[in-house]
Amino acid sequence: MTQAAFPKLLRSQIAFDIAHTIRDGFDKHYRLFRATSKEARQHFERGAWAEAQTAARARIDFYDQRVQECVQQLEDEYDPSDLTDEVWRELKLHYIGMLSDHRQPELAETFFNSVCCNILHRSYFNNEFIFVRPVVSTEYIETAEPRPTYRVYYPAADGMHFTLQRIITNFQLDAQFANLARDVEQVEARLQELYGDARLEPNHQIQVLSSLFFRNKGAYIVGKSINGNRVYPFVVPILHNRHGELILDTVLCDPEQIAILFSFTRAYFLVDMEVPSAFVQFLRTLMPRKPRSEIYTILGLQKQGKALFYRDYLQHLKHSSDLFDSAPGIRGLVMLVFALPSFPYVFKVIKDFYPPPKETTRAQIKEKYLLVKHHDRVGRMADTLEYSNVAFPRNRFREELIAELKQFAPSLVEEEGDQLIIRHLYIERRMVPLNLWLTEKENDDAQLEHGMLEYGNAIKELVAANIFPGDMLYKNFGVTRHQRVVFYDYDEIEYITDCKFRAIPEPRNEEEEMASEPWYPVGKHDVFPEQFGSFLLGNPKIRKYFLKHHADLLTPDYWQARKQRIEQGLVEDVYPYPQHIRFYHKELSNIPAAGSIPLPPPFMETLENE
Numbered sequence: 214m215t216q217a218a219f220p221k222l223l224r225s226q227i228a229f230d231i232a233h234t235i236r237d238g239f240d241k242h243y244r245l246f247r248a249t250s251k252e253a254r255q256h257f258e259r260g261a262w263a264e265a266q267t268a269a270r271a272r273i274d275f276y277d278q279r280v281q282e283c284v285q286q287l288e289d290e291y292d293p294s295d296l297t298d299e300v301w302r303e304l305k306l307h308y309i310g311m312l313s314d315h316r317q318p319e320l321a322e323t324f325f326n327s328v329c330c331n332i333l334h335r336s337y338f339n340n341e342f343i344f345v346r347p348v349v350s351t352e353y354i355e356t357a358e359p360r361p362t363y364r365v366y367y368p369a370a371d372g373m374h375f376t377l378q379r380i381i382t383n384f385q386l387d388a389q390f391a392n393l394a395r396d397v398e399q400v401e402a403r404l405q406e407l408y409g410d411a412r413l414e415p416n417h418q419i420q421v422l423s424s425l426f427f428r429n430k431g432a433y434i435v436g437k438s439i440n441g442n443r444v445y446p447f448v449v450p451i452l453h454n455r456h457g458e459l460i461l462d463t464v465l466c467d468p469e470q471i472a473i474l475f476s477f478t479r480a481y482f483l484v485d486m487e488v489p490s491a492f493v494q495f496l497r498t499l500m501p502r503k504p505r506s507e508i509y510t511i512l513g514l515q516k517q518g519k520a521l522f523y524r525d526y527l528q529h530l531k532h533s534s535d536l537f538d539s540a541p542g543i544r545g546l547v548m549l550v551f552a553l554p555s556f557p558y559v560f561k562v563i564k565d566f567y568p569p570p571k572e573t574t575r576a577q578i579k580e581k582y583l584l585v586k587h588h589d590r591v592g593r594m595a596d597t598l599e600y601s602n603v604a605f606p607r608n609r610f611r612e613e614l615i616a617e618l619k620q621f622a623p624s625l626v627e628e629e630g631d632q633l634i635i636r637h638l639y640i641e642r643r644m645v646p647l648n649l650w651l652t653e654k655e656n657d658d659a660q661l662e663h664g665m666l667e668y669g670n671a672i673k674e675l676v677a678a679n680i681f682p683g684d685m686l687y688k689n690f691g692v693t694r695h696q697r698v699v700f701y702d703y704d705e706i707e708y709i710t711d712c713k714f715r716a717i718p719e720p721r722n723e724e725e726e727m728a729s730e731p732w733y734p735v736g737k738h739d740v741f742p743e744q745f746g747s748f749l750l751g752n753p754k755i756r757k758y759f760l761k762h763h764a765d766l767l768t769p770d771y772w773q774a775r776k777q778r779i780e781q782g783l784v785e786d787v788y789p790y791p792q793h794i795r796f797y798h799k800e801l802s803n804i805p806a807a808g809s810i811p812l813p814p815p816f817m818e819t820l821e822n823e
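Take 214 as the starting number for the sequence shown in the numbering used here and just add one per residue.
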């Protein structure tokens with residue numbers, strides 16, 4: 214394009230006005246998004262946990278609300294005949310110009326795509342009218358605020374204890390610490406253990422993100438220590454003790470523990486960020502194996518994460534040749550699940566019809582998945598990405614899978630030339646189904662015990678979050694690469710508070726005792742925990758380890774007590790890290806010696822690997 218020709222393209226007032234409207238719509242969205250993230254700090258300081266949960270749930274819908282507002286405004290103001298191809302092309306060029314000094318250009322591009330795809334026909338989704346790939350660079354964006362993305366501290370000059378105390382006090386939390394000096398000593402001892410005998414290099418420094426990460430009842434300091442060419446990531450959780458005072462609960466410095474904290478099984482963190490791409494880049498230095506898409510989602514920017522995931526998926530599809538096939542495991546009654554072996558995710562399609570005993574509808578199933586999207590997943594429910602009108606290359610599908618899709622979900626499948634269009638699906642991280650995992654570990658007692666311990670812990674943590682899994686069969690749970698058990702089948706979940714946990718009545722006579730069907734009335738939401746063992750514990754080894762750790766799950770008293778606590782408004786503590794590494798995991802006076810806790814080696818050997 215010549216310089217003389219370029220200005221002639223930018224002559225449409227309609228294109229300029231629409232671009233301005235979309236940019237204003239995004240700015241409104243991010244302004245509200247940041248305001249909610251800032252309020253999370255106040256909720257934490259006051260211990261207002263119910264308010265914090267309500268705000269976190271509400272924030273999830275902000276994006277879709279702003280997109281719909283923008284679409285409605287454009288549809289009200291412009292006739293479809295005005296939106297010619299030429300206008301769409303010019304509109305995108307205007308929009309790019311408006312993002313040249315923007316602090317969140319990548320998010321604004323995704324917002325543009327969302328608005329346009331709500332107006333355009335799907336055949337336009339991958340053309341020149343939208344941002345198929347990012348146009349505006351996010352490298353080295355400077356903050357307009359006085360506060361930088363991260364602060365740098367120099368322990369060699371100020372001393373480690375003073376430096377750590379300054380890191381904490383710089384956040385200026387409006388709440389009293391129980392004993393900050395004592396807590397800092399614990400953190401210092403843990404970090405000194407991490408450094409070992411390493412000599413402190415001239416560049417020794419600690420870098421800490423300038424915003425706290427809030428989720429549920431915790432605030433998290435996220436940083437890294439740099440010494441020579443070695444980098445040590447760390448996270449310090451701040452909690453309230455039973456007196457409402459603040460404590461530093463532990464230090465996470467094991468990369469695996471940090472990855473679990475920021476995993477796909479937790480609700481979105483609330484973080485005040487002017488330049489989100491800078492936070493993503495910092496977190497990538499701590500977790501280099503975690504894709505950017507997942508990090509954006511961690512930060513509550515799930516639409517950006519979804520957009521980046523789809524780009525990664527298309528890139529993988531282009532550079533692979535294996536075929537989509539049915540996912541391993543027992544076939545579900547509600548979902549048809551398929552996967553690409555070389556891609557670590559599964560694709561789930563809701564069937565058109567469900568055999569007995571399932572009594573549900575597609576709308577009800579979608580409501581269950583929406584419930585999970587808005588709920589605190591406490592590290593025990595997989596995140597799902599929901600997509601509509603996804604085009605797959607037909608030649609990458611096994612014919613048997615295509616036949617299965619057309620048989621069980623004909624209303625959602627359409628062939629269009631050399632493409633297979635699926636009108637609605639969910640995508641989840643691939644895990645090993647727990648039933649298959651237990652079969653594989655049949656002769657390994659230690660692993661079997663670990664699996665049952667994790668299975669029961671998963672259920673108990675879901676209960677703490679007011680979630681009853683419904684169908685507790687092992688096939689509905691998966692094992693992650695960190696050997697954690699996670700629930701992933703949501704079509705029967707209910708709130709604990711909506712369930713009635715009952716004991717099985719004693720039979721009054723021999724006829725009732727021998728009856729093949731319950732002789733007592735059973736309501737729709739009645740649950741009989743005593744029955745769980747009959748379909749979960751047929752294997753003697755599994756039964757042994759389940760009863761060793763989680764026998765209480767088979768009693769109605771356990772469930773009734775937890776339900777009562779939830780109804781009283783109590784928000785349970787669910788820790789996203791092992792209990793044994795906490796400084797005060799029992800009583801404030803019971804502090805394990807720092808040297809008793811094994812610490813990992815340096816995370817990275819060279820800064821060049823960042």
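Glycine included, each C-beta is placed from N, C-alpha and C at the ideal position.
Buried versus exposed, by CB contacts within 10 Å (16 or more), residue i
i: residue 491; result: buried
i: residue 414; result: exposed
i: residue 695; result: exposed
i: residue 789; result: buried
i: residue 254; result: buried
i: residue 298; result: exposed
i: residue 396; result: buried
i: residue 718; result: exposed
i: residue 656; result: exposed
Selected residue, minimal CA-CA separation from residue i, among the options
i: residue 640; options: 603, 676, 629 and 631; result: 603
i: residue 825; options: 553, 547 and 514; result: With the chain represented from 214 up to 823, any question about residue 825 goes unanswered, as that position is not in the structure.
i: residue 551; options: 616, 516 and 232; result: 616
i: residue 478; options: 390, 404 and 588; result: 588
i: residue 689; options: 763, 547 and 576; result: 547
i: residue 324; options: 363, 356 and 280; result: 280
i: residue 666; options: 677, 692 and 291; result: 692
i: residue 468; options: 487, 496 and 452; result: 496
Contact belief for residue i with residue j at Cβ below 8 Å, rounded distance in angstroms
i: residue 489; j: residue 521; result: Contact flag wrong, Cβ pair sits at about 12 Å.
i: residue 699; j: residue 644; result: 6 Å
i: residue 473; j: residue 500; result: Between residue 500 and residue 473 the Cβ distance is about 11 Å, and since that is not below 8 Å, they are no contact.
i: residue 738; j: residue 776; result: Rounded, the Cβ-Cβ distance is 11 Å, inconsistent with contact.
i: residue 464; j: residue 403; result: 4 Å
i: residue 482; j: residue 427; result: 6 Å
i: residue 591; j: residue 674; result: 5 Å
i: residue 459; j: residue 386; result: 7 Å
Bounding residues of the alpha helix (DSSP H) (the contiguous stretch that carries residue i)
i: residue 197; result: As shown, the chain starts at 214 and ends at 823. That puts residue 197 outside it, with no answer to give.
i: residue 373; result: 373-382
i: residue 709; result: Element bounds for residue 709: n/a, residue is neither H nor E.
i: residue 394; result: 393-408
i: residue 311; result: 298-311
i: residue 247; result: 226-259
i: residue 174; result: The question about residue 174 has no answer, for the chain in this structure spans 214 to 823.
i: residue 648; result: 647-653
Alpha-carbon spacing of residue i relative to residue j, whole angstroms
i: residue 303; j: residue 635; result: 31 Å
i: residue 745; j: residue 671; result: 15 Å
i: residue 332; j: residue 630; result: 23 Å
i: residue 799; j: residue 530; result: Per-residue confidence for residue 799 stands at a pLDDT of 43, beneath the threshold of 50, marking its modelled position as unreliable; no derived number is given.
i: residue 774; j: residue 709; result: 11 Å
i: residue 446; j: residue 316; result: 26 Å
i: residue 251; j: residue 647; result: 39 Å
i: residue 232; j: residue 348; result: 15 Å
i: residue 244; j: residue 425; result: 18 Å
i: residue 787; j: residue 484; result: 20 Å
i: residue 374; j: residue 368; result: 8 Å
i: residue 201; j: residue 784; result: The chain is shown from 214 up to 823; residue 201 falls before or after that span and cannot be answered.
i: residue 286; j: residue 751; result: 60 Å
i: residue 679; j: residue 793; result: 25 Å
i: residue 420; j: residue 365; result: 5 Å
i: residue 318; j: residue 351; result: 7 Å
i: residue 227; j: residue 564; result: 44 Å
i: residue 725; j: residue 262; result: 47 Å
i: residue 668; j: residue 677; result: 14 Å
i: residue 342; j: residue 358; result: 33 Å
Extent of the continuous beta strand (DSSP E) run through residue i
i: residue 483; result: From DSSP, residue 483 is part of no beta strand (DSSP E); its letter is neither H nor E.
i: residue 571; result: Careful: residue 571 lies outside any beta strand (DSSP E) and carries neither H nor E.
Residue-chain proximity (residue i, chain C), Cβ-Cβ < 7 Å
i: residue 380; result: Looking at the structure shown, chain C is missing, and only one protein chain is on hand.
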